[in-house]
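All remarks here apply to the structure that follows.
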Amino acid sequence: MKSLEIALKCHKIIGGYGEGEALVSHEPICFYLTDPKTGVVRERSHELAGKNLAGKVLVFPSGKASSVVQIDGLFKLASHNVAPRALIVKDVETVLVVSAFLVKIPLVDKLEKDPLEIIHTGDFVKVNAEKGIVTITKRES
Amino acid sequence: MYLTKEEERILNGEFGEGMRKAIELLVAIGDAYGAEKMIPISRAHAASSGQEGDLYFVELLADGGARCRVPTSTNPVYDIGYFHRLFDSIPEDEAEVARRVMEAYKRVGAILSWSCIPYMAENIPLYGETVAFSESSATPYVNSVIGARTNREAAQSALAAGVIGKTPEYGLLLKENRKGTNLVNVEATLKDEFDYTLLGYYVGKRIGYGIPVVTGITRQPSTEELINFCAMSNVPGAISMFYIPRFTVDASTIEEAFQGDVPKDKITVTDHELKQAYDELQTTSGRIDFVMLGCPHYTLKQVEEVARLLKGKRIHDDVSFWVCTSATTKVLAKRNGYVDIIEKAGGHVVVDTCIDEPCWIAYKDKVGMTDSPKCAYYRRFKEAMVARLQDCIEAAVKGRWG
Chain A
2 MKSLEIALKC HKIIGGYGEG EALVSHEPIC FYLTDPKTGV VRERSHELAG
52 KNLAGKVLVF PSGKASSVVQ IDGLFKLASH NVAPRALIVK DVETVLVVSA
102 FLVKIPLVDK LEKDPLEIIH TGDFVKVNAE KGIVTITKRE S
Chain B
64 MYLTKEEERI LNGEFGEGMR KAIELLVAIG DAYGAEKMIP ISRAHAASSG
114 QEGDLYFVEL LADGGARCRV PTSTNPVYDI GYFHRLFDSI PEDEAEVARR
164 VMEAYKRVGA ILSWSCIPYM AENIPLYGET VAFSESSATP YVNSVIGART
214 NREAAQSALA AGVIGKTPEY GLLLKENRKG TNLVNVEATL KDEFDYTLLG
264 YYVGKRIGYG IPVVTGITRQ PSTEELINFC AMSNVPGAIS MFYIPRFTVD
314 ASTIEEAFQG DVPKDKITVT DHELKQAYDE LQTTSGRIDF VMLGCPHYTL
364 KQVEEVARLL KGKRIHDDVS FWVCTSATTK VLAKRNGYVD IIEKAGGHVV
414 VDTCIDEPCW IAYKDKVGMT DSPKCAYYRR FKEAMVARLQ DCIEAAVKGR
464 WG
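Quick note, the sequences are listed as chains A and B, same order.
Counting from 1 along the first sequence, just add 1 to a position and that's the residue number in my numbering.
Counting from 1 along the second sequence, just add 63 to a position and that's the residue number in my numbering.
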């Protein structure tokens, strides 16, 4: 079976390269509401509740919550080496930029196509923020 | 984003690693918003917090030789000397983070105000200035009450702007993004600053994210009333700017505030809604272990009011009583005799200190009272009920509420 590979242009916000299995959230993300030691989402009502962010390429609409907790949340994940490998977002704001900048995780937006539609959890995604390219290998079904 | 020759040189590291890191962050933010260029700022306020992410960035800048180019004040952490004399339960690793944060802000040349209301004394923006003020309660005060322009900054982006003396031009720095979004019609009677606390809390909760235009207010709100509105609307919401036409700057009519646009929606606030907000904050009643005031930091007028209410009284032996304020205010409060009255009654007046800090660990299983939903929100205590200052004082003396 041949797997389908799609390359899409994106807009770099924080540079670098990261790859991994995609984890897609249709709800905003607060990094503080995850287990800092494991990366498991603890927010009970969240669609990703119980899922693990560690090592994933996280695809989500936007960040949420106050600057202090959001930044501290991602920082703690990164210091335990359980942060996502890259972030693909639809709507970016200052706090998310600062969060990704501090932990040196590539952050991109403005994908050519709606990332929440084209990327599915389980796809393999390479984020080359430097070159402004996201490559998606669809999960074989 | 267009960069000047000097900005390019900073980005290339010619001015040291600290400044390079600072401008790198500002460029990333500028890119995120599609800003065309950077513009000078006159001052900044970094919402220092004594958390690890905060420590990492300020040490990165300080170790890299960066110094603030414009006056840059700091948010409270905690008065390390004061708290460690009283409590031995504060975890040493957390105390060490606080110590290093405070030391690094000193090295980076910040104004060591350790206050969340720096616009009252230590770092006051002028009308029309472009600034970078983090601290969710300070941002709307600076935008709306003073009429300077700032975005909703994080501690790190504000510090980076203070170090470079510039910020990317985007968001609330541009007039077209400063128009009202939601109309708030106040029919409730607003008697005192606590009613503004309830109003702010309710408006933040209903609107979430936006620029409310508040009508129906019939007299000039006091400084303290405006501080409360700013702080509490950012507990359940994200309100970086608002208008009260005639009483705040830049719009004397509703139409001016909306810049000709139609409001996205309209809410009405009557006494019933304020009562609803109040009832929501009454989580329990009975015996109390503490009373916590000064979130945001109390002004001199508020410290005076505490002293007036406490004069000749004695706080219950089982109740710890705290008033948080700035070092500047405490000097004056001491001079005016207010600190002596509060201390004689059995209370503490403490400087440099935020509620969201590890210094309060002794109270983590305790139940108490505050006049601030923001204080209750931080969850540093088992329970913190919210009520008027007069009720907090009465409960402090009796040892119970309700």
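C-beta atoms are modelled at their ideal positions from N, C-alpha and C, and glycine is treated no differently.
Model, not experiment: these values are computed from the prediction.
Any C-beta of chain B sitting closer than 9 Å to the C-beta of residue i?
i: residue 34 of chain A; result: no
i: residue 83 of chain A; result: no
i: residue 1 of chain A; result: The structure shown does not extend to residue 1 of chain A, since chain A spans only 2 to 142, so no value can be given for it.
i: residue 1 of chain A; result: Nothing in the structure corresponds to residue 1 of chain A, since chain A is present only between 2 and 142.
i: residue 99 of chain A; result: yes
i: residue 54 of chain A; result: no
i: residue 68 of chain A; result: yes
i: residue 88 of chain A; result: no
i: residue 112 of chain A; result: no
i: residue 117 of chain A; result: no
Can you tell me which of the options puts its alpha carbon nearest to the alpha carbon of residue i?
i: residue 1 of chain A; options: A/89, A/114 and A/105; result: Outside the shown range of chain A (2 to 142) lies residue 1 of chain A, about which nothing can therefore be said.
i: residue 55 of chain A; options: A/67, A/116, A/82 and A/29; result: A/82
i: residue 105 of chain B; options: B/74, B/144 and B/193; result: B/193
i: residue 462 of chain B; options: B/90, B/310, B/314 and B/354; result: B/354
i: residue 336 of chain B; options: B/214, B/268, B/413 and B/349; result: B/268
i: residue 166 of chain B; options: B/132, B/123, B/148 and B/390; result: B/123
i: residue 219 of chain B; options: B/209, B/230 and B/237; result: B/230
i: residue 147 of chain B; options: B/217, B/119, B/421 and B/455; result: B/421
i: residue 259 of chain B; options: B/70, B/464, B/436 and B/416; result: B/436
i: residue 129 of chain B; options: B/361, B/178 and B/171; result: B/171
i: residue 103 of chain A; options: B/367, B/331, B/92 and B/387; result: B/92
i: residue 310 of chain B; options: B/126, B/223 and B/209; result: B/209
i: residue 19 of chain A; options: A/58, A/73 and A/94; result: A/58
i: residue 173 of chain B; options: B/116, B/203 and B/110; result: B/110
i: residue 99 of chain A; options: B/156, B/85 and B/101; result: B/85
i: residue 53 of chain A; options: A/40, A/60, A/64 and A/62; result: A/40
i: residue 366 of chain B; options: B/403, B/321, B/332 and B/342; result: B/403
i: residue 300 of chain B; options: B/282, B/284, B/308 and B/274; result: B/274
i: residue 386 of chain B; options: B/217, B/440, B/369 and B/304; result: B/369
i: residue 178 of chain B; options: B/413, B/450 and B/447; result: B/413
Go ahead and label residue i buried or exposed: buried means 16 or more other beta carbons lie within 10 angstroms of its beta carbon, across all protein chains shown.
i: residue 287 of chain B; result: buried
i: residue 289 of chain B; result: buried
i: residue 443 of chain B; result: buried
i: residue 150 of chain B; result: exposed
i: residue 154 of chain B; result: exposed
i: residue 103 of chain B; result: exposed
i: residue 46 of chain A; result: exposed
i: residue 271 of chain B; result: exposed
i: residue 379 of chain B; result: buried
i: residue 392 of chain B; result: buried
i: residue 453 of chain B; result: exposed
i: residue 65 of chain B; result: exposed
i: residue 465 of chain B; result: exposed
i: residue 325 of chain B; result: exposed
i: residue 77 of chain A; result: buried
i: residue 532 of chain B; result: Outside the shown range of chain B (64 to 465) lies residue 532 of chain B, about which nothing can therefore be said.
i: residue 105 of chain A; result: exposed
Got a sec: is the Cβ-Cβ distance from residue i to anything in chain A below 9 Å?
i: residue 94 of chain B; result: yes
i: residue 339 of chain B; result: no
i: residue 453 of chain B; result: no
i: residue 70 of chain B; result: no
i: residue 88 of chain B; result: yes
i: residue 91 of chain B; result: yes
i: residue 328 of chain B; result: no
i: residue 419 of chain B; result: yes
Listing by chain order, which chain B residues have their CB less than 7 Å from the CB of residue i?
i: residue 73 of chain A; result: 114, 115 and 116
i: residue 223 of chain A; result: Absent from the structure is residue 223 of chain A, since the part of chain A shown begins at 2 and ends at 142.
i: residue 95 of chain A; result: 92, 214, 215, 216, 217 and 220
i: residue 106 of chain A; result: Within chain B, no residue comes near residue 106 of chain A; the closest Cβ sits about 12 Å away, beyond 7 Å.
i: residue 46 of chain A; result: What residue 46 of chain A touches in chain B: nothing, since even the nearest Cβ is about 16 Å away.
i: residue 109 of chain A; result: The premise fails here: residue 109 of chain A is roughly 10 Å from chain B at the closest Cβ pair, so nothing lies under 7 Å.
i: residue 24 of chain A; result: The premise fails here: residue 24 of chain A is roughly 22 Å from chain B at the closest Cβ pair, so nothing lies under 7 Å.
Check the Cβ of residue i against every Cβ in chain B and list those closer than 8 Å, keeping chain order.
i: residue 132 of chain A; result: Residues of chain B passing the Cβ test: none, with the nearest at roughly 15 Å.
i: residue 5 of chain A; result: Simply none; closest approach about 31 Å.
i: residue 103 of chain A; result: 116, 119, 120 and 219
Cβ of residue i less than 9 Å from any chain C Cβ?
i: residue 13 of chain A; result: You won't find chain C in this structure, because its protein chains are A and B.
Tell me whether residue i, by its Cβ, gets closer than 8 Å to a heavy atom of the ligand ADP.
i: residue 251 of chain B; result: The ligand ADP is not part of the structure shown, which contains no ligands of any sort.
Review point. Which residues, taken in chain order from the region 108-138 of chain B, show a beta carbon closer than 8 Å to some beta carbon of chain A?
Key: 110, 112, 114, 115, 116, 117, 119 and 120
Exercise for review: Determine which residues of the region 188-221 of chain B have a Cβ less than 8 Å from any Cβ of chain A, and write them out in chain order.
Suggested key: Per Cβ criterion, the list reads 197, 199, 214, 215, 216, 217, 218, 219 and 220.
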